[in-house]
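> Let me begin by handing over the structure; questions about it come next.
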Amino acid sequence: MKLSRRGLLTGAAVGGGLLVAWSLVPRSFDHPLEPGPGEAAFDAWLKIASDGVVTVAVPQLEMGQGVTTILPQIVAMELGADWRQIAVEPAPTSGAYANLPLAAAWAPLWKPWVPSLADDADDRLLKRWAQDNRFTVTAA
20 MKLSRRGLLT GAAVGGGLLV AWSLVPRSFD HPLEPGPGEA AFDAWLKIAS
70 DGVVTVAVPQ LEMGQGVTTI LPQIVAMELG ADWRQIAVEP APTSGAYANL
120 PLAAAWAPLW KPWVPSLADD ADDRLLKRWA QDNRFTVTAA
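Every number in the working numbering is 19 more than the matching position in the sequence shown, counting from 1.
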C-alpha cells in the first residue's frame, strides 16, 4: 500500500467531515434528575423544593478545584437565591450532561458554564412565575 499526499488529504477531509457530522447530530435525553415530593426538576441541573431549597446537580468530580462550591455560587447569584438555601448533589450518570468526568485544574468549570447560565436565567423566570402563582400576583 502506497501512501500519497492526495490520499492522506482525502482521508483527513473525510475523517474531519465525519467528525463534524457526528457532532451536529441532534440528541435528546430524558431528564436525569428525579424530583422528590414537593420538588420540581428543571433541566438536568436544578431541583427547586417547595420550601425554597435549590439543589444543584454537579456532574464533575470534586478533586480540590472547588466545582461543588463555584457552580452553586453561580446558580445562587443568577437566581437571586439565599446561599443558605442552596444544596449540592452529585449528578446521576446521563448523556444529558455531555461531558467527561474530568478533574484537571479548572476543566470542570469550562463545560457547564454557558448552559448553566442559560438554565439559570430560565430558572429565574420559572421561580418568579411560581412565586407569582403562589401569592396570586402578577409579575412586574
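Just so it is clear, CB atoms sit at the ideal spot from N, CA and C, and this is done for glycine as well.
1) Among 43, 56, 84, 61, which has the Cα closest to the Cα of residue 49?
2) For residue 65, report the span of its alpha helix (DSSP H) as first-last.
3) Out of 92, 36, 70, 24, state which residue places its alpha-carbon closest to the alpha-carbon of residue 77.
4) Do residue 63 and residue 106 have their CB atoms nearer than 8 Å?
5) Considering only residues of the same chain and omitting the five flanking positions on each side of residue 104, which have a CB-CB separation below 7 Å?
6) Please report the straight-line C-alpha distance between residue 69 and residue 56, rounded to a whole angstrom.
7) Can you look up residue 112 in the DSSP assignment and give me helix, strand or coil?
8) Going by beta-carbon coordinates alone, are residue 94 and residue 65 separated by less than 8 Å?
9) Which residue's Cα is closest to the Cα of residue 101: 33, 35, 67?
10) DSSP three-state call for residue 58: helix, strand or coil?
11) Per DSSP, what kind of secondary structure is residue 72 in: helix, strand or coil?
In this structure, then:
1) Position 30 of the sequence shown, counting from 1, holds the residue named residue 49. Answer by Cα proximity: 61.
2) Within the sequence shown, residue 65 is the residue found at index 46, counting from 1. No alpha helix (DSSP H) holds residue 65; the beta strand (DSSP E) holding it covers 65-68.
3) Here the question's residue 77 lines up with position 58 in the sequence shown. Residue 92 is the option with its Cα nearest to residue 77.
4) Residue numbering aside, residue 63 sits at position 44 when the sequence shown is read from its first letter. Residue numbering aside, residue 106 sits at position 87 when the sequence shown is read from its first letter. Contact: no.
5) Within the sequence shown, residue 104 is the residue found at index 85, counting from 1. Hits under 7 Å: 71, 72, 73.
6) Along the sequence shown, read from residue 1 onward, the residue named residue 69 stands at position 50. Along the sequence shown, read from residue 1 onward, the residue named residue 56 stands at position 37. Taking the straight line joining both Cα atoms gives about 9 Å.
7) To locate residue 112, count along the sequence shown from 1; it is residue 93. Here residue 112 sits in coil by DSSP.
8) Reading the sequence shown from its first residue, position 75 is the one you call residue 94. Reading the sequence shown from its first residue, position 46 is the one you call residue 65. Yes, Cβ-Cβ distance for residue 94 and residue 65 is below 8 Å.
9) Sequence index remark: in the sequence shown, residue 101 carries index 82 (1-based). Measuring from the Cα of residue 101, the nearest candidate turns out to be 67.
10) Here residue 58 refers to the residue found at position 39 when the sequence shown is read from its first residue. If DSSP states are grouped into helix, strand and coil, residue 58 belongs with the strands.
11) By 1-based counting over the sequence shown, the position of residue 72 is 53. If DSSP states are grouped into helix, strand and coil, residue 72 belongs with coil.
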